[in-house]
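At position 255 of the sequence shown the residue is numbered 246 (our numbering), and the sequence of numbers has no breaks.
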Amino acid sequence: MAITWASGAGMPVGSEVAGIYAAGKFVFVGFKIATSTDGETFVERTVPVVLSGALSALAHATAGFVAIATDYIIHSADGETWTQTGTTLGGFDNQPRCLASNGTTYVIINGNRVPYVSTDGATWALRFMPTGTGSNFKHLACSGSLFLATCFDGSVFTSPDGDTWTEQTALPTSSNDDLLYGGDGYFYVLRSGPELARSANGLSWATVPMGPADGRTMSRGAAGGGTVAFADDDTGVPGEASYSTADFSTFDDDVMPAGNWKSMAYGAGIFVAAASGGLNAFGPGGTLPPALPFWTGFVNTYETP
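Encoded structure:
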């Protein structure tokens, strides 16, 4: 289903790295934190620590919101008031994105390829990947019943609970610029081209081209209402756009306001995108997703709408 985009009222500069919709609000993070109930007007929230690297992933579960940066984990019950958890779990790679939840349990994979699980966002238990896991992990998403992680070399690992992990069929090539769960039974991987790959369980992958093969660089996306969408973040290619699909074969080229779009979220029947420089845009598309405890936007986790 095509998305009709409109410019929003703006958001705090530096809060465009990742976003989700949960607990009745959109939450976007980066070097700053911003929240919105309508996707158009945002309020800046206080970051509880001095960050050396941006907050680059967040998830929501019954205990609230969790966000991670290279050197901190922070937690919030409501997305508005945040506290530092007091642990870094061994540290993370630059711009870490390996954080997801299934609605009750948070899972983080740190910079040393070690998974941790938590039900409260503050106390974390160490788990293990299969022996021989060599490449660093790049993305993590959850369907509610299955966690799926991708590595920089294209390797794929899955877990039903974050505790026990199994290596699955690798991606066709190492390219994987984003990973999300579509709410339709499939995990989606954004690849260079641009190209989209999908799999129900990581055992096999199908691929399809998306949009014009003109060298566009796509940012992270979002899914909801039967639609999967990714934004164009390449200012060097004329015509900002988001590519959206409802059937994994036909893609709509949806015109966006000019901007270097970095992240996207879906909730309450709308897509919301954030760009560098404090720009935001919103667009109706699809219908409100089912009330599952793990819907999110772009960022590799799915949260309650």
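C-beta atoms are modelled at their ideal positions from N, C-alpha and C, and glycine is treated no differently. Predicted model, so just to flag it, every value in this text is computed and none were measured.
- Fewer than three pairs of CB atoms, one per stretch, sit closer than 8 Å, so the segment 129 to 139 makes no contact with the segment 68 to 82.
- Pairing residue -6 with residue 33, the inter-Cα distance amounts to about 21 Å.
- Between the C-alpha atoms of residue 66 and residue 162 there is a straight-line separation of about 33 Å.
- In the DSSP annotation of this structure, residue 151 is not part of any beta strand (DSSP E), being labelled neither H nor E.
- Taking residue 184 as reference, the option from 64, 201, 195, 192 with the minimal CA-CA separation is 201.
- The bridge partners DSSP lists for residue 120 come to none.
- Between residue 58 and residue 68, the C-beta spacing is not below 8 Å.
- Secondary structure remark: continuous alpha helix (DSSP H) runs of at least 4 residues inside the segment 153 to 226: none found.
- A straight-line Cα-Cα distance of about 13 Å links residue 118 and residue 149.
- Per DSSP, the continuous beta strand (DSSP E) segment holding residue 131 begins and ends at 128 to 133.
- Closest option to residue 135, judged by alpha-carbon separation, among 106, 116, 174, 75: 174.
- Across the set 168, 146, 244, the C-alpha of 168 shows the shortest separation from the C-alpha of residue 87.
- Residues of the same chain with a CB within less than 7 Å of the CB of residue 63, apart from the 5 flanking positions on each side, are 40, 42, 75, 79 in chain order.
- In the three-state scheme derived from DSSP, where H, G and I count as helix and E and B as strand, residue 136 is classed as coil.
- Here the segment 264 to 275 does not lie against the segment 183 to 198, with fewer than 3 beta-carbon pairs under 8 Å apart.
- Rounded to whole angstroms, the gap between the alpha carbons of residue 53 and residue 253 is 27 Å.
- Between the alpha carbons of residue 112 and residue 237 lies a distance of about 34 Å.
- Beyond the five residues adjoining it in sequence on each side, residue 103 comes within less than 7 Å, by CB distance, of 81 in the same chain, given in chain order.
- One alpha carbon belongs to residue 10, the other to residue 26, and they sit about 9 Å apart.
- As DSSP reads the structure, residue 16 sits in a beta bridge with 13.
- DSSP places residue 40 in no beta strand (DSSP E); its state is neither H nor E.
- Residue environment analysis places residue 235 among the buried positions, since at least 16 neighbouring C-beta atoms fall within 10 angstroms of its C-beta.
- Residue 261 sits close to residue 30, with the two beta carbons spaced by under 8 Å.
- One thing to note: residue 240 has its Cβ no nearer than 8 Å to the Cβ of residue 180.
- Inside the segment 59 to 86, DSSP marks whole beta strand (DSSP E) runs of 3 or more residues at positions 64 to 67, from first to last along the chain.
- Sorting 257, 144, 159 by C-alpha distance to the C-alpha of residue 166 places 144 at the top.
- Apart from sequence neighbours up to five positions away, the residues of its chain that approach residue 2 with a beta-carbon distance below 7 Å are 19, 25, 33, 265, 269, 271, ordered along the chain.
- Here residue 95 is near residue 110, since their CB atoms are less than 8 Å apart.
- The C-alpha of residue 222 lies about 9 Å from the C-alpha of residue 245.
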